[in-house]
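Engineer: Going by this note's numbering, the sequence shown opens with residue 33, and the numbers climb by one from there. Heads up, the beta-carbon is just placed ideally off N, CA and C, and yes, glycines get one too. I have a structure here, written as structure tokens, and I will follow up with some questions on it.
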Amino acid sequence: MRRLISALLLTLILAPLLWAAPLSAAPHTQQQPCLFFTETGGGQGGFAVCDDGAARFRTAFQRWGLQRVGYPISRRYERDGFVTQAFQKAIMQWRPESGSVVLVNIFDDLSRAALDQPLAERYQTPVPLPAGWDGEIPFAQVVQKRQALLASRPALSRAYFAAADPLTFFGLPTSEVTDMGNHYAIRLQRTVLQEWKEDVPWAKAGQVTIANGGDIAKTLGGLPAEVLLPEPALSYQPEPTPVVHQRIAVPVRIKIPSLNIDASIESVGKDNQGRVDVPRGVMNAAWYNLLARPGEVGNAIMTGHLDDYKSQPAVFWRLNELRVGDAILVVDADGQTHRFEVLDKAIYGYNDPAPMEQIYGFTLKRNLNIITCNGTWDAKNWNYDKRLVIYARAVD
33 MRRLISALLL
43 TLILAPLLWA
53 APLSAAPHTQ
63 QQPCLFFTET
73 GGGQGGFAVC
83 DDGAARFRTA
93 FQRWGLQRVG
103 YPISRRYERD
113 GFVTQAFQKA
123 IMQWRPESGS
133 VVLVNIFDDL
143 SRAALDQPLA
153 ERYQTPVPLP
163 AGWDGEIPFA
173 QVVQKRQALL
183 ASRPALSRAY
193 FAAADPLTFF
203 GLPTSEVTDM
213 GNHYAIRLQR
223 TVLQEWKEDV
233 PWAKAGQVTI
243 ANGGDIAKTL
253 GGLPAEVLLP
263 EPALSYQPEP
273 TPVVHQRIAV
283 PVRIKIPSLN
293 IDASIESVGK
303 DNQGRVDVPR
313 GVMNAAWYNL
323 LARPGEVGNA
333 IMTGHLDDYK
343 SQPAVFWRLN
353 ELRVGDAILV
363 VDADGQTHRF
373 EVLDKAIYGY
383 NDPAPMEQIY
393 GFTLKRNLNI
403 ITCNGTWDAK
413 NWNYDKRLVI
423 YARAVD
């Protein structure tokens, strides 16, 4: 059977990774549910770190530890639709759909903001690797290839892997080890590691230090100015606890009336190369069970075959005929029907960049993205040369 081999990896190098680690408690414990810190308030107050209905940053801070994230340097603010707060060494973001804290890729964001030059000039930050440096390899190999960049300086490598979960705290390396004069440095997604050749006021020769990514973002204008103003002690009022709704059941059937599609849905994860898997039955669709369920907040993903090994039509043979406004119905295991309307469709070359964050990333919308093959069959590579993505959104 011709299999739909998706080039769109779920696990993105640039995507933030879930924070989860049993770490030491922080000092300055006060009345629940907030901690209040004056150390970064400049004598004009300070910043609260709270658990409430909008986010649980206090729990994250206490488990992660002061030495790893530093003191808070901002009030809460909204970034990309999510509650966010900056600390000296990290920027935390609350993800309501997973009920967890993620760490923002600070240095990737600064690069996208065209700040690589001031980073190099003012903070001796190495330039990032060129686009396409990884090539077309599975994500597990991407991790291995990038972490191997640390090997040229054993002290940097030890510091990186000393973290309980280096991918969570540091992210992946995004530069080569670079000689910066009085120290060696390697840029990571969330910070910079520095191995000093000589004694400096803040480190001895041979010592490895971790850059204060949050402070650097603040200095370069990467944080909203208004959230940097300290607040009076105990002025922060926690948000009310939200109502918790019962989770939507798993999808079991997809119907597209305009195409006469009425198909069963298989539940799938990743294939053996770390990519979104596809259904075993050519007339079935597949729901990717590591992301949202259709109807929930987030990007729900479905895949399906275009044809079979005899070039006979499969479940999504006519998918490209969908038009904006067409209905897609998904029935869950409880018998509830969730209605979606097509917003857009796009075709991407198999080896061309695709908007991974739009397809797989976090969102507060209730989206359904359907992926299938498109284009011309490549017998040599046993694959189609294009991918079709249907973008749809839930309708109340």
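Residue ranges of each alpha helix (DSSP H) run of no fewer than 4 residues wholly in the region 163 to 222, ordered along the chain?
Structural biologist: Counting only runs of 4 or more, we get 171 to 179, 186 to 193, 198 to 201.
Engineer: Among the candidates VAL329, ARG350, ILE123, whose CA atom is the shortest distance from the CA of LEU338?
Structural biologist: To locate residue 338, count along the sequence shown from 1; it is residue 306. Minimum Cα distance to LEU338 is reached at ARG350.
Engineer: Starting from the C-beta of TRP414, find all residues in its chain whose C-beta is less than 6 angstroms away, skip the five residues before and the five after it, and write them out in chain order.
Structural biologist: Here residue 414 refers to the residue found at position 382 of the sequence shown. Cβ within range, chain order: n/a, list empty.
Engineer: Would you report the Cα separation of ARG144 and ARG425, rounded to the nearest angstrom?
Structural biologist: Residue numbering aside, residue 144 sits at position 112 when the sequence shown is read from its first letter. Residue numbering aside, residue 425 sits at position 393 when the sequence shown is read from its first letter. The straight-line gap from Cα to Cα measures roughly 28 angstroms.
Engineer: Just to confirm, are ALA243 and GLN221 a CB contact at a threshold of 8 angstroms?
Structural biologist: Here residue 243 refers to the residue found at position 211 of the sequence shown. Here residue 221 refers to the residue found at position 189 of the sequence shown. No, the Cβ-Cβ distance between ALA243 and GLN221 is not below 8 angstroms.
Engineer: Using DSSP with H/G/I as helix, E/B as strand and the rest coil, what is MET315?
Structural biologist: To locate residue 315, count along the sequence shown from 1; it is residue 283. DSSP places MET315 in coil when its eight states are reduced to three.
Engineer: State the Cα-Cα distance for the pair GLY253 and GLY213, rounded to the nearest angstrom.
Structural biologist: One-based indexing of the sequence shown puts residue 253 at position 221. One-based indexing of the sequence shown puts residue 213 at position 181. Going from the Cα of GLY253 to the Cα of GLY213 covers about 27 angstroms.
Engineer: Taking the C-alpha atoms as reference points, what is the distance between LYS397 and ALA235?
Structural biologist: Looking up residue 397 in the sequence shown gives position 365. Looking up residue 235 in the sequence shown gives position 203. Cα to Cα, the separation comes out at about 47 angstroms.
Engineer: Does the distance from the CB of ALA346 to the CB of GLY330 come in under 8 angstroms?
Structural biologist: Here residue 346 corresponds to residue number 314 of the sequence shown, with the count starting at 1. Here residue 330 corresponds to residue number 298 of the sequence shown, with the count starting at 1. No.
Engineer: Compute the beta-carbon to beta-carbon distance between PRO158 and THR241, rounded to the nearest angstrom, for a pair I have assumed lies under 8 angstroms.
Structural biologist: The count along the sequence shown starts at 1 and reaches residue 158 at position 126. The count along the sequence shown starts at 1 and reaches residue 241 at position 209. So it is not a contact: roughly 15 angstroms between Cβ atoms.
Engineer: Work out the CA separation of GLY367 and LEU260 for me, nearest whole Å.
Structural biologist: For the purposes of this step, residue 260 is taken as the residue at position 228 of the sequence shown. For the purposes of this step, residue 367 is taken as the residue at position 335 of the sequence shown. Using only the alpha carbons, I get a separation of about 49 angstroms.
Engineer: Please report the straight-line C-alpha distance between VAL356 and ASP410, rounded to a whole angstrom.
Structural biologist: Reading the sequence shown from its first residue, position 324 is the one you call residue 356. Reading the sequence shown from its first residue, position 378 is the one you call residue 410. Rounded to the nearest angstrom, the two C-alpha atoms are 30 angstroms apart.
Engineer: Rank GLY306, GLN390, HIS370 by C-alpha distance to the C-alpha of PHE171 and give the top, closest one.
Structural biologist: In the sequence shown, the residue the question calls residue 171 occupies position 139. Nearest of GLY306, GLN390, HIS370 to PHE171, Cα basis: GLY306.
Engineer: Would the beta-carbon of PRO256 fall within 8 angstroms of that of GLN76?
Structural biologist: Within the sequence shown, numbered from 1, the residue matching residue 256 stands at position 224. Within the sequence shown, numbered from 1, the residue matching residue 76 stands at position 44. Their beta carbons are not under 8 angstroms apart, which means PRO256 does not touch GLN76 by this criterion.
Engineer: Cβ of VAL363 within 8 angstroms of Cβ of VAL310?
Structural biologist: Against the sequence shown, residue 363 aligns to sequence position 331. Against the sequence shown, residue 310 aligns to sequence position 278. Taking 8 angstroms as the Cβ cut-off, VAL363 and VAL310 do not qualify as a contacting pair.
Engineer: Counting pairs of Cβ atoms below 8 angstroms between the region 79 to 94 and the region 292 to 302, do you hit three or more?
Structural biologist: The answer is no - the region 292 to 302 does not touch the region 79 to 94, with fewer than three Cβ pairs under 8 angstroms.
Engineer: Given a cut-off of 8 angstroms, decide if TYR416 and ASN406 are closer than it, judged by their beta-carbon atoms.
Structural biologist: Numbered from 1 along the sequence shown, position 374 holds the residue referred to as residue 406. Numbered from 1 along the sequence shown, position 384 holds the residue referred to as residue 416. In contact: ASN406 and TYR416 (Cβ atoms closer than 8 angstroms).
Engineer: How many angstroms separate the CA atom of VAL421 from the CA atom of GLU168?
Structural biologist: As a first step, residue 421 must be located in the sequence shown, where it is residue number 389. As a first step, residue 168 must be located in the sequence shown, where it is residue number 136. If you take the alpha carbons of VAL421 and GLU168, they lie about 20 angstroms apart.
Engineer: Please go through the same chain and pick out, in chain order, the residues whose beta-carbon is closer than 6 angstroms to the beta-carbon of TYR216, but skip the five residues on each side of it.
Structural biologist: For the purposes of this step, residue 216 is taken as the residue at position 184 of the sequence shown. Here the set comprises ARG185, VAL209, GLU227.
Engineer: Counting only the same chain and skipping the five closest in sequence on each side, list residues whose C-beta sits under 6 angstroms from that of TYR380.
Structural biologist: The residue labelled residue 380 in the question sits at position 348 within the sequence shown. ALA386, ARG419.
Engineer: In angstroms, rounded to a whole number, what distance separates the CA positions of GLU230 and LEU188?
Structural biologist: Position 198 of the sequence shown holds residue 230. Position 156 of the sequence shown holds residue 188. In a straight line, the C-alpha of GLU230 is about 15 angstroms away from that of LEU188.
Engineer: How about LYS287 and LEU354: do their beta carbons lie closer than 8 angstroms?
Structural biologist: Walking along the sequence shown from the start, residue 287 turns up at place 255. Walking along the sequence shown from the start, residue 354 turns up at place 322. No, Cβ-Cβ distance for LYS287 and LEU354 is not below 8 angstroms.
Engineer: With H, G and I counted as helix, E and B as strand and the rest as coil, what does DSSP make of ALA424?
Structural biologist: As a first step, residue 424 is located in the sequence shown; it is residue number 392 there, counting from the start. In this structure, ALA424 counts as strand in the three-state DSSP scheme.
Engineer: Whose C-alpha, out of ASP112, ARG108, ALA118, is nearest the C-alpha of GLY102?
Structural biologist: Position 70 of the sequence shown, counted from the first residue, corresponds to residue 102. Per the Cα distances, ALA118.
Engineer: Out of curiosity, what's the CA-to-CA distance linking VAL314 and ASP340?
Structural biologist: Locating residue 314 in the sequence shown gives position 282, counting from the first residue. Locating residue 340 in the sequence shown gives position 308, counting from the first residue. VAL314 and ASP340: Cα-Cα distance of roughly 7 angstroms.
Engineer: Please report the distance separating the alpha-carbon of ASN383 from that of LEU142.
Structural biologist: What you label residue 383 is simply residue 351 of the sequence shown in a count that begins at 1. What you label residue 142 is simply residue 110 of the sequence shown in a count that begins at 1. Spanning the two alpha carbons is a distance of roughly 26 angstroms.
Engineer: Straight-line CA distance for CYS66 to VAL81?
Structural biologist: Working through the sequence shown from its first residue, we reach residue 66 at position 34. Working through the sequence shown from its first residue, we reach residue 81 at position 49. Their backbone Cα atoms lie some 5 angstroms apart in a straight line.
Engineer: Buried or exposed for THR408, please, with buried defined as at least 16 other CB atoms from any protein chain shown within 10 angstroms of its CB.
Structural biologist: Along the sequence shown, one-based indexing puts residue 408 at 376. Under this definition THR408 is an exposed residue.
Engineer: Taking 7 angstroms as the limit between beta carbons, can you name the residues of its chain near SER207, skipping five residues before and five after?
Structural biologist: In the sequence shown, counting from the first residue as 1, residue 207 sits at position 175. Counting only Cβ-Cβ distances below 7 angstroms, and skipping sequence neighbours, we find PRO158, VAL159, PRO160, LEU161, ILE218, ARG219.
Engineer: Among GLU110, GLU71, ASP83, which has the Cα closest to the Cα of GLU258?
Structural biologist: Reading the sequence shown from its first residue, position 226 is the one you call residue 258. Checked all of GLU110, GLU71, ASP83; the closest Cα to GLU258 is GLU110.
Engineer: By DSSP, does ILE138 sit in helix, in strand, or in coil?
Structural biologist: Locating residue 138 in the sequence shown gives position 106, where the first residue counts as 1. ILE138 falls in the helix class under three-state DSSP.
Engineer: How would you write the range of the alpha helix (DSSP H) that ALA249 sits in, first residue to last?
Structural biologist: Numbered from 1 along the sequence shown, position 217 holds the residue referred to as residue 249. Looking at the DSSP string, the run of the alpha helix (DSSP H) that includes ALA249 is 245 to 251.
Engineer: Note down the Cα distance separating PRO198 from ASP83, rounded to an integer number of angstroms.
Structural biologist: Walking along the sequence shown from the start, residue 198 turns up at place 166. Walking along the sequence shown from the start, residue 83 turns up at place 51. About 25 angstroms.
Engineer: The beta strand (DSSP E) that contains VAL240, what's its start and end?
Structural biologist: Residue mapping note: residue 240 aligns to position 208 of the sequence shown, counting from 1. Counting along the chain, the beta strand (DSSP E) containing VAL240 begins and ends at 240 to 242.
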